[in-house]
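Notes to accompany the following structure.
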Amino acid sequence: MKITGRLIEDEAFVCVQCHYCRVCPAYQAIKWESVSPRGRIYLLRGVLKGEIDPDSTAVEDFYRCTTCGACETVCQTSIPLVDVLEMARAEFVKAGKAPLPVHKKLRDVAEKNWNPYGEERGERARWASKYSFKDKSDTIYFAGCTASYRMHELAENTVEFLFKMNVDFTYAGEDEYCCGSPFLRTGQRELAYEFFRKNYEEWKKRGVKRILATCSGCYRTLKRDYPKIAEELGYEWDFEVMHTSQLIHDLVMAGKVVFEKKDEKVTYHDPCHLGRHMGVYEVPRLVLQEMGLEIVEMEHNRENALCCGAGGGVKSQFKDLANDIGERRIEEALETGAEYIVSCCPFCKLHLNQTGEGRIVVVDLVELANKRTKSLNNGVEKEKEQQTRRS
């Protein structure tokens with residue numbers, strides 16, 4: 001096997017093997033050096049020097065990584081470890097040593113139905129059948145695969161909140177494609193590029209200038225990966241990308257939304273893609289404070305937050321590992337005495353709710369925002385009041 005990626009060549013020999021990266025959730029769960037970040041870098045060095053040709057076991061260990069980025073926060077030599085590991089996975093795919101079996105299956109079903117869940121394409125917008133959307137707008141709501149197929153309540157609460165706030169937006173429905181995040185994370189970049197092209201064309205057709213995402217993984221992909229892909233493919237990238245937590249915060253700061261206050265104790269789980277990958281830590285917390293909620297932080301929070309365990313293809317290929325990592329996070333949440341966990345990612349909500357098994361509930365920030373928004377005279381509410389009086 002030969003690695004040709006310049007980023008890997010530049011960074012692999014920077015590592016000083018200090019083992020600060022033992023914060024890695026996979027290493028914490030397994031305690032094998034081969035699944036630690038420095039173990040992966042050591043493997044890449046061996047491949048680059050022509051001393052190692054990784055077998056299937058070595059490749060599997062390399063993929064026991066959620067790409068959470070915890071290693072980057074403590075790296076003493078500032079290696080962009082997530083980018084290095086993702087590009088290395090792409091090299092494994094090119095060399096025919098990957099994708100792993102489940103990851104290949106996800107690609108096969110996504111090529112057919114545009115989503116990694118294997119659901120029919122026509123089911124993508126089923127949750128939205130009770131709403132009416134404009135064909136064109138400056139803003140588009142990008143629901144993402146998890147909210148579309150597994151967590152309908154997130155998509156529904158998002159659009160209902162947007163309607164309440166009189167936000168002008170469109171939704172692509174069945175013409176929305178997977179953002180490609182699962183395939184970028186597992187090294188299957190060609191399919192992600194195809195999804196980029198299709199989403200890009202749809203946005204241009206609808207006159208979109210701003211993309212709003214509920215999912216932290218989608219947000220990370222659209223905000224950080226898509227501009228790079230656009231440059232690589234020769235596309236002009238002129239879109240603003242926002243996460244729903246940022247929009248809610250902006251509306252609160254502008255005085256356009258007031259929440260019903262509730263005296264409850266909650267803890268906030270920082271999604272890796274929203275927090276460590278994109279630096280959004282305080283915005284969700286400020287919104288929760290505006291709701292009057294008492295935030296009790298877990299021992300590990302913000303840039304040191306524990307991963308939920310589901311990212312990077314780990315939940316699909318290594319379920320036991322994902323559950324072990326998630327269990328550690330659930331235990332931290334229970335220690336706070338919080339009534340429930342709040343997060344900003346459907347994938348985190350899905351996985352932590354499954355791991356928690358009813359011991360503590362996870363809700364998304366947008367669900368709270370929609371349900372606790374007081375009626376304001378913002379045009380939409382006025383019309384509703386008038387219709388009520390007339391009837």
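In UniProt numbering, the protein residues as written are 1 to 391.
Even for Gly, the Cβ is constructed at its ideal location relative to N, Cα and C.
The structure presented is a predicted model; accordingly, all values stated were derived computationally and were not measured.
DSSP three-state call for residue i: helix, strand or coil?
{"i": "HIS243", "result": "strand"}
{"i": "GLU51", "result": "coil"}
{"i": "ALA12", "result": "coil"}
{"i": "ALA143", "result": "coil"}
{"i": "LYS374", "result": "coil"}
{"i": "VAL281", "result": "As written in the sequence, residue 281 is Tyr, which differs from the Val given in the question. Note: TYR281 maps to coil in three-state DSSP."}
{"i": "PHE318", "result": "coil"}
{"i": "GLN17", "result": "coil"}
{"i": "MET253", "result": "helix"}
{"i": "SER181", "result": "helix"}
{"i": "ILE79", "result": "coil"}
{"i": "SER129", "result": "coil"}
{"i": "LYS31", "result": "coil"}
{"i": "ILE229", "result": "helix"}
{"i": "CYS68", "result": "coil"}
Kindly indicate which residue of the options has the alpha-carbon position closest to the one of residue i.
{"i": "VAL84", "options": "ASN304, VAL16, ARG185, GLU190", "result": "ARG185"}
{"i": "ARG189", "options": "ASP138, GLU91, GLY39", "result": "GLU91"}
{"i": "GLU367", "options": "ASP175, SER34, CYS215, LYS228", "result": "CYS215"}
{"i": "PHE169", "options": "CYS179, CYS178, THR158, TYR177", "result": "THR158"}
{"i": "MET298", "options": "ARG329, LEU247, GLU156", "result": "ARG329"}
{"i": "GLU160", "options": "GLU282, THR244, PRO116, ARG6", "result": "THR244"}
{"i": "GLU174", "options": "THR336, ARG121, THR373", "result": "ARG121"}
{"i": "ASN199", "options": "ALA58, GLY279, TYR340, ASN115", "result": "ASN115"}
{"i": "residue 400", "options": "VAL314, ALA310, ILE341", "result": "The question about residue 400 has no answer here: the residues shown for the chain are numbered 1 through 391."}
{"i": "LYS256", "options": "ILE229, ASN166, CYS272", "result": "ASN166"}
{"i": "THR73", "options": "HIS300, SER343, TYR149, ILE341", "result": "HIS300"}
{"i": "ALA333", "options": "LYS319, GLY5, ILE360, ASN323", "result": "ILE360"}
{"i": "ILE325", "options": "CYS348, ILE341, VAL342", "result": "CYS348"}
{"i": "VAL109", "options": "ARG224, ILE248, PHE183", "result": "PHE183"}
Taking DSSP's pairing of strands, which residues face residue i in a bridge?
{"i": "ILE341", "result": "THR267, VAL362"}
{"i": "ARG210", "result": "THR139, GLU240"}
{"i": "LYS134", "result": "THR170"}
{"i": "ILE295", "result": "VAL266"}
{"i": "PHE161", "result": "DSSP output for PHE161 lists no bridge partner at all."}
{"i": "PHE259", "result": "THR373"}
Pull up the CB-CB distance for residue i and residue j, whole angstroms please, since I reckon it's below 8 angstroms.
{"i": "ALA128", "j": "TYR171", "result": "6 angstroms"}
{"i": "THR267", "j": "THR336", "result": "5 angstroms"}
{"i": "PRO25", "j": "CYS307", "result": "5 angstroms"}
{"i": "ILE229", "j": "PHE142", "result": "About 16 angstroms separates the two Cβ atoms, so there is no contact after all."}
{"i": "ALA305", "j": "ASP270", "result": "4 angstroms"}
{"i": "PRO54", "j": "MET1", "result": "7 angstroms"}
{"i": "TRP203", "j": "ILE248", "result": "No, TRP203 and ILE248 are not in contact; Cβ-Cβ is about 22 angstroms, not under 8 angstroms."}
Meets three-Cβ-pair contact criterion under 8 angstroms: the region 285 to 301 and the region 47 to 54: no
Does the region 119 to 139 come within contact of the region 192 to 208, defined as at least 3 CB pairs closer than 8 angstroms? yes
Touch check for the region 15 to 27 and the region 72 to 88: three-plus C-beta pairs under 8 angstroms? yes
Whether or not the region 266 to 281 and the region 313 to 325 are in contact is what I'm after, with contact meaning three or more pairs of Cβ atoms, one per stretch, closer than 8 angstroms; do they touch? no
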